[in-house]
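Single-structure report; data block below.
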Amino acid sequence: MTTDRRTILAGFSALGAAASLSGAAAQTGQGPSRTYLLVHGAYCGGWIWRDVAAGLRRQGHTAWAPTQTGLGERSHLLSRQITVETHIRDVASVIEMEELRDVILVGHSYGGMAVTGVADRLTDRIRHIVYLDALIPENGDTAFALLPPGMEAARRKAALDQGAGVALPVPGPDAFPIPAGPAKDWFMQRLRPHPIGTYESPMRLTKPAGAGLPVTYVAYTSPALASIEPSRQRARSKPGWQYRELAVPHDVEVPMPETVVEVLTSVG
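Start counting the sequence shown at 33; every next residue gets the next number (the working numbering).
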């Protein structure tokens, strides 16, 4: 088989174009592609990361946003048998099935439970953990135990009165301090009752929270939700963890996804 001169020149031209594109990407500061695994909080689903994931992908990164069992598009699977271990396996299975490595593992709010469990089990697959105003459990903790005094009893009563003892009912709009408008309407329409078993079942960890990995904790302070304060205090006491505060609402990924993208691309 012979190769004519025009084919050879076209090949060199393509290589030159690729090199130019690579140089341009370096000049924009985007850097190398990263893999993000985004874990949602209570009542939510992978859908809440829609705009954050899109922003990461526009910068050339890979972003996964699984929905934990019993929530979002998987709300038809809601049952009393769902535990925190179920949700840990939901997230870990994405890493295993998709053969992900060097993962920046991100947990928001209740999502800190699954993130902590996954890091404990798949430590060698994780590059950096990012807790976004999230719960931080240690071995033996339940999500209920991480809440301020009195909050567990109130949530259990709501589950009995409104959730048939199976799920925590979705709070009203006032519980989610994001600005009223189309974005909040979109958010509220997609919330679903949260399986109570995930708040009752204890974490089983072989390592301290963070599993010895690089960790960044970002506290949201405008306003600072009382339910997260014990975990914020725990994060501040962790040696080696980076602790930051942002004056944004707890569900900032809905009204201000670009802020979350900026945070995530600045770590790891």
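For every residue, glycine included, the Cβ atom is placed at its ideal position computed from N, Cα and C.
- Within 10 angstroms of the beta-carbon of L178 lie 16 or more other beta-carbons, which makes it buried.
- Secondary structure at H119: helix, using DSSP grouped into helix, strand and coil.
- The residue among H72, V295, P240 with its C-alpha nearest the C-alpha of G104 is H72.
- Counting along the chain, no alpha helix (DSSP H) covers V138; the unbroken beta strand (DSSP E) around it starts and ends at 135-140.
- For E290, the number of other beta carbons within 10 angstroms of its own is below 16, and it is reported as exposed.
- Distances from the CA of L154 to each of P169, E170, D134, V162 were compared; the closest alpha carbon is that of D134.
- Scanning T230, D122, V123 for the CA closest to the CA of T174 turns up T230.
- Fewer than three pairs of CB atoms, one per stretch, sit closer than 8 angstroms, so the segment 194-206 makes no contact with the segment 125-143.
- For the set L200, M145, I158, the Cα lying nearest the Cα of A166 is the one of M145.
- Rounded to the nearest whole angstrom, the CA to CA distance from D156 to I136 is 12 angstroms.
- Contact between the segment 233-253 and the segment 115-135 is present: three or more C-beta pairs spanning the two stretches fall below 8 angstroms.
- Under the Cβ criterion (8 angstroms, minimum of three pairs), the segment 246-258 does not count as touching the segment 213-230.
- The three-state secondary structure of A95, taken from DSSP, is strand.
- The closest CA to that of L296, considering only I127, G172, Q265, V84, is found on V84.
- Cβ contact annotation for P255 (same chain, cutoff 6 angstroms, sequence separation greater than five): P209, in chain order.
- L69 is positioned such that its CB atom lies closer than 8 angstroms to that of V126.
- Cβ neighbours of R266 within its own chain (closer than 6 angstroms, five residues either side excluded): I168.
- One thing to note: A241 has its Cβ within 8 angstroms of the Cβ of E170.
- In this chain, the alpha helix (DSSP H) harbouring L192 covers 183-194.
- When T148, Q113, P98, R89 are compared, the shortest CA-CA separation from C76 is found for P98.
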